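> Residue numbers (the working numbering): 174 to 382.
The structure's right below; bear with me while I get my questions together.
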Amino acid sequence: MKSAEQIRMQNIHAMRTGQKIDKEEVHEDLTESIRDDKELEELTGQLMPISGKADTPEGELIRAFQKIGYRFYNDGDFPTVGYGAETSGPALAFFQDHAPTNELAMYANAIENASDNESSVEFEAALEKLGSALVYYVKARIEEVGGIENLEKNELDMLDTPSRWEDETQYDDDEEDLDPWDDYSEEQDEEEDYEEEDFEDLPSMWDAD
Numbered sequence: 174m175k176s177a178e179q180i181r182m183q184n185i186h187a188m189r190t191g192q193k194i195d196k197e198e199v200h201e202d203l204t205e206s207i208r209d210d211k212e213l214e215e216l217t218g219q220l221m222p223i224s225g226k227a228d229t230p231e232g233e234l235i236r237a238f239q240k241i242g243y244r245f246y247n248d249g250d251f252p253t254v255g256y257g258a259e260t261s262g263p264a265l266a267f268f269q270d271h272a273p274t275n276e277l278a279m280y281a282n283a284i285e286n287a288s289d290n291e292s293s294v295e296f297e298a299a300l301e302k303l304g305s306a307l308v309y310y311v312k313a314r315i316e317e318v319g320g321i322e323n324l325e326k327n328e329l330d331m332l333d334t335p336s337r338w339e340d341e342t343q344y345d346d347d348e349e350d351l352d353p354w355d356d357y358s359e360e361q362d363e364e365e366d367y368e369e370e371d372f373e374d375l376p377s378m379w380d381a382d
C-alpha cells in the first residue's frame, strides 16, 4: 500500500503533466491529512497548556510546532526571516535542538529551508509533514509508556531557546505613522471658526418678535 506522501507526490506529478488522477487515492490522501489534523488538535488539547511551558517534552514539542504554525498562518511570519526571527525563530530553534527522531529533525530543517526561501508553498508543505510526523511520534510515545500520565516531566521552555536568526529589516525610528486626519489642518480649524462667527452675526429666523 502506498504511503500518504507517495500518493501526494504522485498526484502532484499527475496534475502537472495532465495525467489522470485516481480519485480513490486522492480521497485516501485527503482523509489521512484530515485525520492527522484532528489528532493533532486532540493531542494539543491534552498536552499543551493555555499558557506557559508544557508538563511533558511531547507537549512542549507540540507547543513549538503550534507557535510556528500560528505565526505563519495568522501573520505570515517565516521563522528565519524578518520579524519572524523574533516571533517564531525560538520555537523552530527549540524543535531542531530537541527533535527526538531523525525524521522530525529532517522536517524541522525543511521548514528552515522553506523559510529561507520565503516560499509559502514549500513552508506549508514542510509544516504539514512535520505535523504528521509529530502526531505519529507522540501517539507512539503515549502507547509506549502506557498513557499520558506516564510521560516524563518536562523542564524546558521553548521560549528560553534563543533564535539562531536575526531580524535584518531596516526600521526608521524617526518615521512617524501617517494619520489620515493629519490633513485636517489648523487652516481648516480657522475656516470653521470663521464660519461660526459669520453665523453668530446673522439674525435668527426663530427669534421671537
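No residue lacks a Cβ here, since even glycine has one placed at the ideal position from N, Cα and C.
This one's a predicted model, so the numbers in the text were calculated from it and none came from an experiment.
#1: Is there contact between the stretch 317-329 and the stretch 226-237, where contact requires at least three CB pairs shorter than 8 Å?
#2: Measure the C-alpha to C-alpha separation of methionine 221 and arginine 337 and round it to an integer number of angstroms.
#3: Arginine 314 by DSSP, collapsed to three states: which one?
#4: By alpha-carbon positions, which one of Asn247, Pro273, Arg244 and Phe245 ends up nearest to serine 233?
#5: Take asparagine 289 and list the residues in its own chain whose beta-carbon comes closer than 6 Å to its own, dropping the five residues that flank it on each side.
#6: Tell me where the alpha helix (DSSP H) around serine 288 begins and ends.
#7: Helix or strand or just coil, what does DSSP make of serine 305?
#8: Identify which residue in Asp250, Glu214, Phe238 and Ser224 has its Cα closest to the Cα of serine 292.
#9: Could you check the C-alpha separation between lysine 312 and arginine 236 for me, to the nearest Å?
From the atom records:
#1: yes
#2: 24 Å
#3: Secondary structure of arginine 314 (DSSP, three-state): helix.
#4: As written in the sequence, residue 233 is glutamate, which differs from the serine given in the question. Checked all of Asn247, Pro273, Arg244 and Phe245; the closest Cα to glutamate 233 is Pro273.
#5: What sits at residue 289 in the sequence shown is aspartate, not asparagine. Closer than 6 Å at Cβ, skipping near neighbours: Thr253.
#6: 275-289
#7: helix
#8: Asp250
#9: Computed Cα separation, rounded: 16 Å.
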